[in-house]
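Enquirer:
Protein chains: 2
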Amino acid sequence: MESPRYIYVVDMTFAGASRVTMADVARVAGVSVMTVSYCYNQPGRVATRTRNAVAQAAQSLGYLGPDPAARSLRNGRTGSVGVVLGEHLVYAFDDPQARQFLTGVAAVCRHRGVGMTLIPTTTDERDGARVRAAAVDGFIIWTTVDSDPIIPAALSLDKPVVVHGGPDVQGTHLVAIDDRAAARAISAAVFDGAKRPAVVSFPLNAARESGLTPPDLAEITFPVTRNRLLGVHDYCAATGIDSTKLVVAVTSRNERATSRDIIDTLLDLPDPPDAVMAMSDELAFEVAAALKKRDLSIPYDVSISGWDDSPGAEAAGLTTVRQSLFEQGQQCARLALSDDNMWQQPAWQVVLRQTTRTKLDLQPAP
Amino acid sequence: MESPRYIYVVDMTFAGASRVTMADVARVAGVSVMTVSYCYNQPGRVATRTRNAVAQAAQSLGYLGPDPAARSLRNGRTGSVGVVLGEHLVYAFDDPQARQFLTGVAAVCRHRGVGMTLIPTTTDERDGARVRAAAVDGFIIWTTVDSDPIIPAALSLDKPVVVHGGPDVQGTHLVAIDDRAAARAISAAVFDGAKRPAVVSFPLNAARESGLTPPDLAEITFPVTRNRLLGVHDYCAATGIDSTKLVVAVTSRNERATSRDIIDTLLDLPDPPDAVMAMSDELAFEVAAALKKRDLSIPYDVSISGWDDSPGAEAAGLTTVRQSLFEQGQQCARLALSDDNMWQQPAWQVVLRQTTRTKLDLQPAP
DNA sequence: CTGTTAGCGCCTTCAC
DNA sequence: GTGAAGGCGCTAACAG
Numbered sequence: 004m005e006s007p008r009y010i011y012v013v014d015m016t017f018a019g020a021s022r023v024t025m026a027d028v029a030r031v032a033g034v035s036v037m038t039v040s041y042c043y044n045q046p047g048r049v050a051t052r053t054r055n056a057v058a059q060a061a062q063s064l065g066y067l068g069p070d071p072a073a074r075s076l077r078n079g080r081t082g083s084v085g086v087v088l089g090e091h092l093v094y095a096f097d098d099p100q101a102r103q104f105l106t107g108v109a110a111v112c113r114h115r116g117v118g119m120t121l122i123p124t125t126t127d128e129r130d131g132a133r134v135r136a137a138a139v140d141g142f143i144i145w146t147t148v149d150s151d152p153i154i155p156a157a158l159s160l161d162k163p164v165v166v167h168g169g170p171d172v173q174g175t176h177l178v179a180i181d182d183r184a185a186a187r188a189i190s191a192a193v194f195d196g197a198k199r200p201a202v203v204s205f206p207l208n209a210a211r212e213s214g215l216t217p218p219d220l221a222e223i224t225f226p227v228t229r230n231r232l233l234g235v236h237d238y239c240a241a242t243g244i245d246s247t248k249l250v251v252a253v254t255s256r257n258e259r260a261t262s263r264d265i266i267d268t269l270l271d272l273p274d275p276p277d278a279v280m281a282m283s284d285e286l287a288f289e290v291a292a293a294l295k296k297r298d299l300s301i302p303y304d305v306s307i308s309g310w311d312d313s314p315g316a317e318a319a320g321l322t323t324v325r326q327s328l329f330e331q332g333q334q335c336a337r338l339a340l341s342d343d344n345m346w347q348q349p350a351w352q353v354v355l356r357q358t359t360r361t362k363l364d365l366q367p368a369p
Numbered sequence: 004m005e006s007p008r009y010i011y012v013v014d015m016t017f018a019g020a021s022r023v024t025m026a027d028v029a030r031v032a033g034v035s036v037m038t039v040s041y042c043y044n045q046p047g048r049v050a051t052r053t054r055n056a057v058a059q060a061a062q063s064l065g066y067l068g069p070d071p072a073a074r075s076l077r078n079g080r081t082g083s084v085g086v087v088l089g090e091h092l093v094y095a096f097d098d099p100q101a102r103q104f105l106t107g108v109a110a111v112c113r114h115r116g117v118g119m120t121l122i123p124t125t126t127d128e129r130d131g132a133r134v135r136a137a138a139v140d141g142f143i144i145w146t147t148v149d150s151d152p153i154i155p156a157a158l159s160l161d162k163p164v165v166v167h168g169g170p171d172v173q174g175t176h177l178v179a180i181d182d183r184a185a186a187r188a189i190s191a192a193v194f195d196g197a198k199r200p201a202v203v204s205f206p207l208n209a210a211r212e213s214g215l216t217p218p219d220l221a222e223i224t225f226p227v228t229r230n231r232l233l234g235v236h237d238y239c240a241a242t243g244i245d246s247t248k249l250v251v252a253v254t255s256r257n258e259r260a261t262s263r264d265i266i267d268t269l270l271d272l273p274d275p276p277d278a279v280m281a282m283s284d285e286l287a288f289e290v291a292a293a294l295k296k297r298d299l300s301i302p303y304d305v306s307i308s309g310w311d312d313s314p315g316a317e318a319a320g321l322t323t324v325r326q327s328l329f330e331q332g333q334q335c336a337r338l339a340l341s342d343d344n345m346w347q348q349p350a351w352q353v354v355l356r357q358t359t360r361t362k363l364d365l366q367p368a369p
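Protein chains in written order, with the numbering used here: chain A, 4 to 369; chain B, 4 to 369.
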């Protein structure tokens, strides 16, 4: 003997509602199906009396409006933007950058009354299918590797595809600051006068191996990481630093606990750095904590810089690259909803505070 | 003159793909439409040769798999769970509790390969329509007020509805700890020996007015807030404390910065509290900071307790109610996907640390 | 293992 | 201001 899975409110307004269709409402109201459809989609077109009759019929039957699946089959819109966070999904809510970005996306979605669908991926070959099977009107892809197959998969659907961070693929919109220029500028702030510059870097590629790597640009497939390292090299080239001597500590994740080991390794080198450019404020905070533990002063023994100017950077006096992930999230959402043709590259700015020694003015050229 | 909105990869595999249907593939492969459908949905059922022929036809036409809208119109499933965070949506990613919860939901979704659709609401009368218009297989509703209309709206669709926190509505699944019992237990820990107990509370209702309110239970429509205050009253009743003398500082949001003013007001009362039960660890941290600013010692001048045992509580030595929002998120997701009939109420536990003076054993009865 | 039939619930198109 | 026809792309149910 089976018992019902759910117990419904007895009110007939709601019972079994999902099986009621426009046709039922039309029959009860004594009008055609089209009239019911108009009542929901172009109410101005329907006579007030008719509209009331339809409303009453709908109410008495517990009809609750057009079915979303049928509607989107018919008109091709789903009312949701897809957001692909990659393997990242499960810890996206812990990453301050991803959070600010998602908040920006959410703000636009809420304003427009559209949903945001987080699409899970797992780095296996079924990801393309999952992306294509998502009922969304456009895609936002959180920073990924150069030839991530989900990008062509998303592109194949004839819907807007917006990539945040990178890579820059033909047919997509790229929303990202000029990481290379910003890296060059922040290098000037943090490496000014340094003898032994070092970088604490995001992962190089999907393998996410941590290590003290000499920067082999060829194996870097995360565009953000690559562009920032290129910017550092630009600075080295311009100032006569031998960039092959640059130490790059690569973390496997943008998270303090995860990066602790490699940062310790970096600071305990026989010839430890006297200036550290970190690719995020989080990582910079961890470097600062590690320096404090070693009784090294910032910026006199070691100057450090972060990236993002996240909440907390100001209080910590951290020199950093300011950018608004929130605004970038908003921009991505607008582009994914085809609601913004006025593309402009997001702004960035070097914010000089107390963790670096330089007094130079390091803003980007206008 | 119009220029094309997107530039597509020239590869014909992808161009204009979205207009290719199963019928086209069937024609080219020389089979029926059903066979193509089987190839995608029950490949084991199709002969290898046929399957290859279909795959080749699909490839040559640039067919990329079944259209999600058509598929869900037909079979009634969408492959996504809806999550309603209320007005909360835009700052949900800042709230540590909501984040842990969402991470739990995301973990299950990723495992099952289903998406999670965040449904925006704005507290206007169109919310019901927005909820119903979401193409999802089930709803998860983040803690809300007693008679939030989105609950009947979601219920009317004949899909599983899971409410986290509260309210407990017939026909929905409720996932929440026994807040009342837990509040009584944590009260025993934090108020033990106190002369002037106080509570720093979540909002009472959707108005979210901050204030130093005498606890009028009738106006409280957030079940979580109500249950926790009831638990405090239970404790008062059992120990002979006059609960009308209990001071309740109500915050408008579970966030440190927002709650600062009311906490200052509370601590600067002519007769300030000597024990504070806060409804979250965040709020407790803010209380601790405010006490420190006043050079009051914890727990000797003032004992305090938090709620959730979030990361950070242990390091701070905070006495708190431990619960796993992550597991609760997982449970909600499973229920929303009709994948879990083994419902059991989530566990909680009082964790005694250094911010309270009591040494009693305060675990829940088995 | 493959095909036929019959819609899913709605909205575009075109008539009146 | 309203209605009739037709089909969006797919799959459940049932043959064979």
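By construction, the Cβ of each residue, glycine as well, lies at the ideal position given by its N, Cα and C atoms.
Please report whether the beta-carbon of P372/A lies at a distance below 8 Å from any beta-carbon of chain B.
Expert: Outside the displayed span of chain A (4 to 369) sits residue 372/A, for which this structure offers no information.
Enquirer: Does the beta-carbon distance from A394/A to V108/A come in below 8 Å?
Expert: Since the displayed chain A opens at 4 and closes at 369, residue 394/A lies outside it and no answer follows.
Enquirer: Work out the CA separation of S75/B and G85/B for me, nearest whole Å.
Expert: Going by the C-alpha atoms only, they are around 15 Å apart.
Enquirer: Would R2/B pass as a contact of W351/B if the rule is Cβ separation under 8 Å?
Expert: Only positions 4 to 369 of chain B appear in the structure, and residue 2/B is not among them; the question remains open.
Enquirer: Using C-beta distances below 6 Å, list every residue in its chain close to R187/A, excluding the 5 sequence neighbours before and after it, in chain order.
Expert: Excluding positions up to five away in sequence, the list reads G234, D237 and Y238.
Enquirer: Taking 8 Å as the threshold (beta carbon to beta carbon), is P71/B in contact with chain A?
Expert: P71/B counts as touching chain A.
Enquirer: Drop a sphere of 10 angstroms on the beta-carbon of Y66/B, count the other beta-carbons inside from all chains shown, and report buried for 16 or more, exposed for fewer.
Expert: Y66/B should be labelled buried.
Enquirer: Counting only Cβ pairs nearer than 8 Å, list the residues of chain B close to D151/A.
Expert: Residues of chain B passing the Cβ test: none, with the nearest at roughly 14 Å.
Enquirer: Just the C-alpha distance for A179/B and R259/A, rounded to the nearest angstrom, thanks.
Expert: So the two alpha carbons sit approximately 31 Å from each other.
Enquirer: In chain order, what residues of the same chain have a beta carbon less than 7 Å from the beta carbon of K198/A, not counting five sequence neighbours either side?
Expert: Same-chain partners within the cutoff: D277.
Enquirer: Beta carbons nearer than 7 Å to chain A: which residues of the region 72-92 of chain B have them?
Expert: Going along the region 72-92 of chain B in chain order, one finds A72, A73, S75, L76, T81, G82, S83 and L92 with a Cβ nearer than 7 Å to chain A.
Enquirer: List, in chain order, every chain B residue whose beta-carbon is nearer than 7 Å to that of C112/A.
Expert: Going along chain B in sequence order, the residues near C112/A (Cβ under 7 Å) are P123.
Enquirer: Assign F104/B to one of three DSSP states: helix, strand, or coil.
Expert: In this structure, F104/B counts as helix in the three-state DSSP scheme.
Enquirer: Tell me the residue span of the beta strand (DSSP E) that contains F194/B.
Expert: It is not in any beta strand (DSSP E) - F194/B instead sits in the alpha helix (DSSP H) that spans D182 to F194.
Enquirer: Count the other C-beta atoms from every protein chain shown that fall within 10 angstroms of the C-beta of D70/B, then say buried if there are 16 or more, exposed otherwise.
Expert: Classification of D70/B: buried, given that the 10 Å Cβ count is 16 or more.
Enquirer: How would you call N44/B, buried or exposed, if buried means at least 16 neighbouring beta carbons within 10 angstroms?
Expert: Looking at its Cβ environment, which holds fewer than 16 other Cβ atoms inside 10 Å, N44/B is exposed.
Enquirer: Quick one: grab the DSSP three-state call for M15/A.
Expert: Reliability fails at M15/A, whose pLDDT of 37 lies under 50, so the model's placement of it is uncertain and no value is given.
Enquirer: Comparing C-alpha positions only, which one of A184/B, R183/B, L270/B and H167/B sits nearest to L177/B?
Expert: Measuring from the Cα of L177/B, the nearest candidate turns out to be H167/B.
Enquirer: Suppose the cutoff is 6 Å on Cβ atoms and the five residues either side in sequence are ignored; what does the same chain contact list for A61/B look like?
Expert: The residues are V28.
Enquirer: If the cut-off is 9 Å on Cβ atoms, which residues from the region 123-138 of chain B count as contacting chain A, listed in chain order?
Expert: From the region 123-138 of chain B, only P123, T124, T125, R129, G131, A132, R133, R135, A136, A137 and A138 have a Cβ closer than 9 Å to chain A.
Enquirer: How many angstroms separate the CA atom of A210/B from the CA atom of V227/B?
Expert: A210/B and V227/B: Cα-Cα distance of roughly 15 Å.
Enquirer: Which residues bound the alpha helix (DSSP H) around V28/B?
Expert: V28/B -> alpha helix (DSSP H) spans M25 to A32.
Enquirer: My parser needs the beta strand (DSSP E) runs of 3 or more residues fully inside the region 306-358 of chain B; what are they?
Expert: As far as the region 306-358 of chain B is concerned, its whole beta strand (DSSP E) runs of at least 3 residues are 306-308, 323-325 and 352-354.
Enquirer: Give the interface partners of T51/A over in chain B, defined as CB-CB distance under 7 Å, in chain order.
Expert: The premise fails here: T51/A is roughly 19 Å from chain B at the closest Cβ pair, so nothing lies under 7 Å.
Enquirer: Could you tell me whether the Cβ atoms of L340/B and G141/B are closer together than 8 Å?
Expert: Cβ distance < 8 Å, so L340/B and G141/B count as in contact.
Enquirer: Short of 6 Å in beta carbon distance, which residues of its chain neighbour L3/B, apart from the five on each side in sequence? Order them along the chain.
Expert: Nothing can be reported for residue 3/B: it is not among the residues displayed for chain B, which extend from 4 to 369.
Enquirer: How would you list, in chain order, the residues of chain A whose beta-carbon sits under 9 Å from the beta-carbon of M345/B?
Expert: Residues of chain A passing the Cβ test: none, with the nearest at roughly 14 Å.
Enquirer: In angstroms, rounded to a whole number, what distance separates the CA positions of F96/B and L294/A?
Expert: So the two alpha carbons sit approximately 30 Å from each other.
Enquirer: Just grab the DSSP bridge partners of V250/B for me.
Expert: The partner list for V250/B (beta bridge, DSSP) reads A201/B.
Enquirer: When you compare only the Cα positions, how much space is there between D182/A and T147/A?
Expert: Each residue's alpha carbon lies about 15 Å from the other.
Enquirer: Return the chain-ordered list of same chain residues with a C-beta closer than 7 Å to the C-beta of V290/B, the five sequence neighbours on each side being excluded.
Expert: Closer than 7 Å at Cβ, skipping near neighbours: V203, I266, V279, A281 and I307.
Enquirer: If we define contact as Cβ-Cβ less than 8 Å, is Y9/B a contact residue for chain A?
Expert: Residue placement at Y9/B is poorly supported in this model, since its pLDDT is 30, which falls under 50; the coordinates still yield a value, given next. Judged by the 8 Å Cβ criterion, Y9/B is in contact with chain A.
Enquirer: Is the CB-CB distance between A137/B and G118/A below 8 Å?
Expert: Closer than 8 Å, so yes.
Enquirer: Considering H236/A, what are the terminal residues of the alpha helix (DSSP H) in which it resides?
Expert: Unbroken alpha helix (DSSP H) run through H236/A: P226 to T242.
Enquirer: Quick one: which residues of the region 188-210 of chain A get their C-beta closer than 8 Å to a C-beta of chain B? List them in chain order.
Expert: For the region 188-210 of chain A, which is checked against every Cβ of chain B, not one residue is closer than 8 Å.
Enquirer: Would DSSP call M37/B helix, strand or coil?
Expert: Helix, per DSSP.
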